[in-house]
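Below is one structure, written out as structure tokens; the observations come after it.
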Amino acid sequence: MGVRSEVWYLLSSPLAKLQFTNALWDENARLNTVSPAGQMEAADDDILPAVPELNMPPRHIKKGDIVSYQDYVISRMSQVWGEDAAVFNPSRWFRENGESISYSPFKYHSWNAGPRSCLGRALATYEGIAITTAILQRFDITLEDTSRPYEPLATLNMVCGLF
Ligand code: HEM
1 MGVRSEVWYL
11 LSSPLAKLQF
21 TNALWDENAR
31 LNTVSPAGQM
41 EAADDDILPA
51 VPELNMPPRH
61 IKKGDIVSYQ
71 DYVISRMSQV
81 WGEDAAVFNP
91 SRWFRENGES
101 ISYSPFKYHS
111 WNAGPRSCLG
121 RALATYEGIA
131 ITTAILQRFD
141 ITLEDTSRPY
151 EPLATLNMVC
161 GLF
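Under my numbering, residues 1 to 163 are what the sequence shown spells out, in order.
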């Protein structure tokens with residue numbers, strides 16, 4: 001069995017069919033993104049392409065400019081996600097007819113978009129859904145402390161972990 005067939009197996013496994021669990025995962029990754037912000041320095045003068053999904057026009061940037069994205073903020077902006085942007089709402093991932101919605105990565109930006117997108121997205125999603133389903137099949141979980149404060153580091157860490 002070669003690498004390609006293993007990757008195919010991973011992507012075509014029944015986990016991808018767990019529509020509601022996938023929606024839970026995506027909604028969690030949208031609001032509680034591991035990567036709340038990122039920034040880069042322009043190596044040369046450039047033009048950032050328009051992002052129609054966010055009504056953003058093309059932007060000129062100059063060599064040395066710092067360009068950052070703020071995923072923690074984007075996911076809470078009503079202009080991007082509607083009035084309930086800050087609410088954990090897995091049903092935003094479904095159309096009225098029950099089909100799953102696949103949002104543009106420029107809108108659901110938790111994995112970055114374009115050529116520098118996260119290379120581990122499929123693996124992280126697979127692991128997250130496999131672990132979530134394995135736990136929920138065996139345990140009923142109640143959080144003792146629902147405040148869940150974050151530490152503002154390069155990644156979004158929970159102050160005392162989950163449990
Ligand atoms: C929930 C889990 C994860 C999230 C939310 C996430 C998110 C991201 C984001 C936002 C970036 C872009 C960073 C930037 O350039 O500003 C990124 C890049 C990257 N991620 Fe992930 N990631 C996750 C898990 C993983 C895993 C498990 C792997 C590897 C197995 C991985 C591999 C990478 C690599 C290699 C890049 C750099 C891509 C490039 O610059 O060309 N990620 N990830």
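Note that beta-carbon positions come from the ideal geometry of N, C-alpha and C, so glycine has one too.
- The set of residues with CB atoms less than 6 Å from any heavy atom of the ligand HEM reads, in chain order, Ala29, Thr33, Val34, Ser35, Gly38, Ser110, Trp111, Asn112, Arg116, Cys118, Leu119, Gly120, Leu123 and Ala124.
- Secondary structure at asparagine 55: coil, using DSSP grouped into helix, strand and coil.
- In the structure shown, phenylalanine 106 falls within a coil segment according to DSSP collapsed to helix, strand and coil.
- Sequence-distant partners of arginine 121 (beyond 5 residues in either direction) whose C-beta falls short of 7 Å from its own C-beta, in its chain, are Trp111.
- About 6 Å separates the CB atoms of leucine 15 and alanine 130; that is less than 8 Å, so the two are in contact.
- According to DSSP, residue pairing for isoleucine 47 in a beta bridge involves His60.
- If you look at alanine 37, you'll find it in the beta strand (DSSP E) that goes 37-41.
- Counting every other CB atom within 10 Å of its CB across the protein chains shown gives arginine 30 a total of 16 or more, marking it as buried.
- Residue pairing of leucine 156 in beta bridges, as defined by DSSP: Pro152.
- Here the alpha carbon of asparagine 157 sits roughly 22 Å from the alpha carbon of asparagine 22.
- For serine 78, the enclosing alpha helix (DSSP H) has its first and last residue at 78-81.
- Between valine 67 and alanine 43 a beta carbon distance of about 11 Å is seen, past the 8 Å cut, so the two are scored as non-contacting.
- Rounded to the nearest whole angstrom, the C-alpha separation of glycine 114 and phenylalanine 20 is 27 Å.
- A direct Cα-Cα distance of roughly 25 Å separates valine 34 from proline 49.
- According to the DSSP secondary-structure assignment, serine 91 is paired through a beta bridge with no residue.
- Shown here for glutamine 39: same chain residues with a beta carbon closer than 6 Å to its own, the five before and five after excluded, namely Ile66 and Ser68 in chain order.
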